[in-house]
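Colleague:
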Amino acid sequence: MNILVLNCGSSSAKFAVLDARTGAEHLTGNAQRLGTPEATLDWRHAGQSVSRPIPGADHDVALRAAVALLREAGLEQTLGGVGHRVVHGATRFAQSMRITPEVIAQVEACVPLGPLHNPPNLLGIRIAQELLPGLVQVAVFDTAFHQTMPPRAYTYPVPLEWLEQHEVRRYGFHGTSHRYVAQKAQAMLGLAPDAGALLTAHLGNGCSATAVLNGRSVDTTMGLTPLEGLVMGTRSGSVDPALVGHVARATGATPESILDTLNKRSGLLGLSGHSNDMRTLEAAAAAGHARAQLAIEVFCYVLAKQLAGLTVALGRLDALVFTGGIGENSVLVREKVVGLLGFLGLVLDPEANARAIRGHDGRITLPGDAHAPQALVVPTHEELMIAMDTAALVA
Ligand code: AMP
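Everything in the sequence shown is counted per the numbering used here, starting at 6 for the first residue and increasing by one.
1) Is Phe56 near ligand 1, judged by its Cβ being under 6 Å from some heavy atom?
2) For Gly329 versus His207, is the C-beta spacing smaller than 7 Å?
3) Taking the beta strand (DSSP E) that Asn7 belongs to, which residues open and close that run?
4) Mapping DSSP to helix, strand and coil, what is Met227?
5) Given this structure, state the Cα-to-Cα distance separating Val383 from Ala67, to the nearest angstrom.
6) Out of curiosity, what's the CA-to-CA distance linking His365 and Pro355?
7) Following a CB-centred definition, is Met283 positioned closer than 6 Å to any heavy atom of ligand 1?
8) Any heavy atom of ligand 1 within a distance shorter than 6 Å of the CB on Ser15?
9) Following a CB-centred definition, is Ser335 positioned closer than 6 Å to any heavy atom of ligand 1?
10) Using DSSP with H/G/I as helix, E/B as strand and the rest coil, what is Leu46?
11) Quick one: is Thr105 buried, meaning 16 or more other Cβ sit within 10 Å of its Cβ, or exposed?
12) So what does DSSP say about His183, is it helix, strand or coil?
13) Using the DSSP secondary-structure output, state which residues sit across from Met102 in a beta bridge.
14) Go to His251, then tell me how far its beta strand (DSSP E) extends in each direction, as first and last residue.
15) Is Gly330 near ligand 1, with its Cβ less than 6 Å from a heavy atom?
16) Any heavy atom of ligand 1 closer than 6 Å to the beta-carbon of Gly209?
17) Taking contact to mean 3 or more Cβ pairs, one atom from each stretch, closer than 8 Å, check whether the region 295-307 and the region 273-281 are in contact.
18) I think Ala214 touches Leu312, with their Cβ atoms under 8 Å apart; what is that distance to the nearest whole Å?
19) Indicate whether the contact test is met: 3 or more Cβ pairs, each with one atom in the region 47-62 and one in the region 118-133, closer than 8 Å.
20) For the alpha helix (DSSP H) that contains Pro156, what are its first and last residues?
21) What residue does the alpha helix (DSSP H) around Gly344 start on, and which one ends it?
22) Relative to the C-alpha of Gly407, which candidate in Asn7, Gln379, Asp265 and Ala247 has its C-alpha closest?
23) Under the criterion of a Cβ to heavy atom distance below 6 Å, does Ile369 qualify as lining ligand 3?
24) By DSSP, does Asn35 sit in helix, in strand, or in coil?
25) Cα-Cα, which of Ala392, Val317 and His93 is closest to Arg26?
26) Would you mind stating whether Thr205 and Ala187 have Cβ atoms separated by less than 7 Å?
27) From Gly139, Glu287 and Ala71, pick the residue whose C-alpha is nearest to that of Asn334; which is it?
28) My output table needs one value for Asp24: the three-state DSSP class, helix, strand or coil.
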């Protein structure tokens, strides 16, 4: 069954038509810089890549153009449903849902927790319902997979009234990716879907790690928002919250602007002063750029430290799984992190590590004894997971 997958951000709309069973992609596209004179619609179909300027286009114009492309490609009749990525489902959604007026109302109720993401997600749902009224629409939540975390993992040590009255707790994100690679890793290890003690590290521009025990998320590094946890491209990850007051007093900056800096000008970018992109930093570090070297060191150390912390939630370890642009391609980051975690019994296989790039999956550690944990590279495919959930709910 073919599914249209939509991922609407504040200034972009990504779309893909793919077969939910085989993962074959029939058409993929991205409308970017929406609402600006530089807006473009880029798509790939039948081996051809095309980019068309759509100056000033908003989400509505861009999605109409995307649906026109599907029609021209003869794909509209093949669609069985539409799957939407929705970032924040708070505690209201523990799984993907067929979209009804009640579901929309609940997604709206989550807007205060996901003020940047849920409004464009809702806009995408409304436009798709109008343009493709005959199709079942499904919401797939970034937070849903982590709803199995126990209270000790999701509760912050702050006045409990903040949780009760303002929903202040750890939610976790990237759930679709963690769930997808955990399932793939279980299959690669010959484990049943309800077996295994895994650490999944999604390392892209945003980064998070999850402890997956017997197929369920039991702890994760991101929190109330996607700012907590690991060092990311531009996000700091976890820092002492008291630095906000200190920097405000020292510089006169407002707490809002400091939070903006923690989100947009920290992490690899803030440390290196050079780039948020790991590939660029690896090249700079190799050429002797001291701040790029420091950025990579801090990135890998914090990652290893938080992965080690997450093993407490598992009690043992079968495999560490790398995914995302960095996890799937950075031989250097994987080498450093597996090296730092050697005390858990991981022993890098340098040749296998060097081979696992550009979509190649596989084991990157030496087999060891029967109980030794493994490190695996598993390319993520969030669109496919959304398509699979949508197809299951259509059926
Ligand atoms: P994503 O958000 O999943 O697309 O991941 C983006 C990140 O992956 C950026 O930091 C890229 O620099 C990084 N990345 C992609 N390819 C490589 C590579 N060959 N080596 C190191 N990092 C890479």
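By construction, the Cβ of each residue, glycine as well, lies at the ideal position given by its N, Cα and C atoms.
Modeller: According to the data block:
1) Per the sequence presented here, residue 56 reads as Ser, with Phe not at that position. No - ligand 1 has no heavy atom lying nearer than 6 Å to the Cβ of Ser56.
2) yes
3) Asn7 to Cys13
4) coil
5) 32 Å
6) 15 Å
7) yes
8) no
9) yes
10) strand
11) exposed
12) helix
13) Ala144
14) Where His251 is concerned, there is no enclosing beta strand (DSSP E), although the alpha helix (DSSP H) it sits in stretches over Ala247 to Thr256.
15) yes
16) yes
17) yes
18) 6 Å
19) no
20) Pro156 to Tyr159
21) Val336 to Leu345
22) In the structure as shown, the chain starts at 6 and stops at 400, and residue 407 therefore has no counterpart that could be examined.
23) The model depicted lacks ligand 3 and carries ligand 1 instead.
24) strand
25) Ala392
26) yes
27) Glu287
28) strand
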